[in-house]
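Protein chains: 4
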Amino acid sequence: MGMVKQTIIGVIGAGDASEKDCKLAEAVGEEIARQGYTLLCGGMGGVMEASCRGAKAQGGTTIGILPGSSKAEGNPYIDYPIVTAMGQGRNIIVASSCDAIIAIGGGFGTLSEIAFALRLKIPIIGIKTWDVSSDIKKAETPEEAVYMAIGLIGTNT
Amino acid sequence: MGMVKQTIIGVIGAGDASEKDCKLAEAVGEEIARQGYTLLCGGMGGVMEASCRGAKAQGGTTIGILPGSSKAEGNPYIDYPIVTAMGQGRNIIVASSCDAIIAIGGGFGTLSEIAFALRLKIPIIGIKTWDVSSDIKKAETPEEAVYMAIGLIGTNT
Amino acid sequence: MGMVKQTIIGVIGAGDASEKDCKLAEAVGEEIARQGYTLLCGGMGGVMEASCRGAKAQGGTTIGILPGSSKAEGNPYIDYPIVTAMGQGRNIIVASSCDAIIAIGGGFGTLSEIAFALRLKIPIIGIKTWDVSSDIKKAETPEEAVYMAIGLIGTNT
Amino acid sequence: MGMVKQTIIGVIGAGDASEKDCKLAEAVGEEIARQGYTLLCGGMGGVMEASCRGAKAQGGTTIGILPGSSKAEGNPYIDYPIVTAMGQGRNIIVASSCDAIIAIGGGFGTLSEIAFALRLKIPIIGIKTWDVSSDIKKAETPEEAVYMAIGLIGTNT
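Residue numbers (the working numbering), protein chains in the order written: chain L, 996 to 1152; chain H, 996 to 1152; chain E, 996 to 1152; chain R, 996 to 1152.
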């Protein structure tokens, strides 16, 4: 048996996202699953829940890095809930655990995750998100975002 | 589609464990996988690696909560590496994320995880481990440990 | 004896800051001390060290929230080194522990601290820093930054 | 100006400690302050509050590493409240930030701090506390505990 390590694509965005951003997130989640990657997120609602719902609809696998102290708070589409009880402090674990990240819209929590991804040189794709660095590659559609993310995996080393 | 949340059994023990403890850990990992549960550990060597090797040999699923900043440090039997870069600070995430925990031998890092499990009222089974509380249920064999763990899942709520 | 809690003003900025930013930081540190406040920072070099040097030159008190596992890494102007061993994960503790924050220039680590401050509604003043929100109040001089910070303390509750 | 770094002695113990343990803690805090050291603790009630009260009564300085997200939760004898919002996850920061630690009684949270201190080779003195290692030096009185702690500072390097 060789290495079994799964490649992980993160989806970050607001817990109170717009319907439009949630639709984008759901399509991103679907595409991540169709391409055979594992989806990781902050485990809560909004963009996080929508992306997990999309991934599960396509038979994918989802990990949620939860801010609170109970698995019950995670959205219902999380396969593997990781309980940090660190609040927004868990954002750096979200960023660090991904091989590439797709940011959709987002508030200040998402901005902290983008900042960590940029600091840690983890590839990051943005759809209508914070424009704080040219290192955030811009995508127009969910499919394009996933293809770009896949193409950038491993380039941070 | 209903809830997809997987039930997680943790295996904790030393990174520099004895051969005997590693054999116990491997058998525990095998049994966790045979019973259909996900195995979570600290992601490194010794008891952690042995338990993951056992789980993967039986087609199970493994999560490693890594102390360092790189996925490369995880043992080769980890499906889902979670990168915390928190050193031993990740021990509370190991404990918090499990529905039940099996402790095998162990040093001071393991003791910290046991302490957190006891504090958070997460069911814990011990095989030749720290004897600091009657809340640590003692098992003699790997199979017994896993059966006891399964039986205690959900009793902490 | 009544409450003894000290009011803390944070200074955030890059560890590899320009000479100009370091001069600003030193003057900010001096003014924080002159006004009787405690200075808190990430404990390392650049803007962090310069601000602590300024504070100590005026008889102030300094706290450093260190990213690594040893007090030895802190800059020599830290009175109270707090060892987190959480790397950039300590950035949220830097932000959360301040009653007001002054950001000077800064890279992605600073951006993560700004994002947390905005998320947690901690008053933040910026001197030539990331322009990601109108909630970052702009100051032109070190003295103005400190006066603005003092004026905003307590307004986040 | 030379190095200003203060030497820190930690006091750990339960938040719901017995009156007897609180009296011991208060005397320990008084002695730490009389000897010119800074006291660091988990910032909450019980042993933590009693030790801070003792230190402040003797004109000492106190740091509280708080588990929650608000300074308001800290006991009223904390000079410098550090806000982690990490719950019991802050216990490793308590242990790591001390040059020596005095444990008084204690529950499972205290046990996790003792385990981290032992793991990180930080000198630790115990008064009627967990007996999990011969590396925990036993003291009978508050004064003896503080003298032993002072004598062991620096021996972990």
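Backbone N, C-alpha and C define an ideal beta-carbon position, used for all residues, glycine too.
Using a 10 Å radius around the Cβ and a threshold of 16 neighbouring Cβ atoms, would you call THR1152 of chain H buried or exposed?
Model confidence at THR1152 of chain H stands at a pLDDT of 47, short of 50, so the residue's coordinates are unreliable; what they give is reported in the following sentence. Under this definition THR1152 of chain H is an exposed residue.
Could you tell me whether any Cβ in chain R is nearer than 8 Å to the Cβ of MET1081 of chain L?
yes
What does DSSP give as the partner residues of TYR1075 of chain H in its beta bridges?
H:ILE1058
Within 8 Å of any Cβ in chain R, is that where the Cβ of THR1150 of chain E sits?
no
If we ignore side chains and look at the alpha-carbon of each, how far apart do ALA1134 of chain H and LEU1106 of chain L end up?
47 Å
Does the CB of ILE1119 of chain R have a neighbour CB from chain H at under 8 Å?
no
For ALA1028 of chain E, count the other beta carbons within 10 Å of its own beta carbon; 16 or more makes it buried, fewer makes it exposed. Which is it?
buried
Starting from THR1033 of chain E, trace the alpha helix (DSSP H) both ways and give me its first and last residue.
Here THR1033 of chain E belongs to no alpha helix (DSSP H); instead the beta strand (DSSP E) covers 1033-1036.
Label GLY1059 of chain H either buried or exposed according to how many other C-beta atoms from any shown protein chain fall within 10 Å of its C-beta, with 16 as the threshold for buried.
buried
In terms of residues, what are the limits of the beta strand (DSSP E) holding VAL1006 of chain R?
1003-1008
Looking at the C-beta of GLY1146 of chain E, does it have a partner C-beta in chain L at a distance below 8 Å?
no
Considering just the uninterrupted stretch of the beta strand (DSSP E) at ALA1098 of chain E, what are its terminal residues?
1095-1099
Nearest neighbour of CYS1121 of chain L, chosen from L:PRO1076, L:ILE1099 and L:THR1033 [CA to CA]
For clarity, residue 1121 of chain L is Gly in the given sequence; the question names Cys instead. Out of L:PRO1076, L:ILE1099 and L:THR1033, L:ILE1099 has the C-alpha closest to the C-alpha of GLY1121 of chain L.
If you run the structure through DSSP and keep just helix, strand and coil, what is GLY1121 of chain L?
strand
Which of helix, strand or coil does DSSP assign to ILE1088 of chain L?
helix
Using a Cβ-Cβ distance cut-off of 8 Å, determine whether GLY1084 of chain E contacts chain H.
yes
Would you say ILE1004 of chain R lies against chain E (beta-carbon separation less than 8 Å)?
no
Assuming ILE1087 of chain R contacts PHE1103 of chain R (C-beta within less than 8 Å), just tell me the rounded distance between them.
Going by Cβ atoms, the distance from ILE1087 of chain R to PHE1103 of chain R rounds to 14 Å, so no, they are not a contact pair.
Let me make sure I understand the geometry here. Which of L:ALA1080, L:GLN1053, L:ARG1048 and L:SER1046 has the alpha-carbon closest to that of LYS1066 of chain L?
L:ALA1080
At a Cβ cut of 8 Å, what residues of the stretch 1059-1078 of chain E count as close to chain R, listed as they run along the chain?
ILE1060, SER1064, LYS1066, GLY1069, PRO1071, TYR1072, ILE1073, ASP1074, TYR1075, PRO1076, ILE1077 and VAL1078
Got a sec: which bits of the stretch 1036-1060 of chain H sit with their beta carbon under 8 Å from any beta carbon on chain R, in order along the chain?
none
ALA1110 of chain H CB to nearest chain R CB: under 8 Å?
yes
LYS976 of chain R - partner residues in DSSP beta bridges:
For chain R, the structure presents residues 996 to 1152; residue 976 of chain R sits outside this window and is missing.
Beta-carbon contacts of GLY1063 of chain H that lie in its chain and below 7 Å, excluding the five residues immediately before and after:
ALA1080
Mind checking which residues open and close the alpha helix (DSSP H) that includes GLY1024 of chain H?
1014-1029
At the level of alpha carbons, what is the spacing between ILE1007 of chain R and PRO1118 of chain R?
13 Å
Under the rule that 16 or more other beta-carbon atoms within 10 Å means buried, what is GLY963 of chain R, buried or exposed?
The shown model of chain R, from 996 to 1152, leaves out residue 963 of chain R, and the question about it has no answer.
Just checking: is the beta-carbon of SER1107 of chain E within a distance shorter than 8 Å of some beta-carbon in chain R?
no
With C-beta atoms as the reference, is GLY1040 of chain E less than 8 Å away from ILE1096 of chain E?
no
7 Å Cβ cut-off: residues of chain L touching GLN1001 of chain H
ASP1074 and TYR1075
According to DSSP, simplified to helix, strand and coil, what is THR1105 of chain E?
helix
Between which two residues does the alpha helix (DSSP H) holding SER1046 of chain E run?
1042-1052
Give a yes or no on whether 8 Å exceeds the smallest Cβ distance from ARG1114 of chain R to chain H.
yes
Checking 8 Å against the spacing of the C-beta atoms, do VAL1023 of chain E and SER1046 of chain E come in under that value?
yes
Nearest by alpha-carbon distance to ALA1009 of chain R: which of R:GLY1069, R:GLU1044 and R:LYS1116 is it?
R:GLU1044
Whole-angstrom distance between ILE1109 of chain L and ALA1090 of chain L, CA atom to CA atom
8 Å
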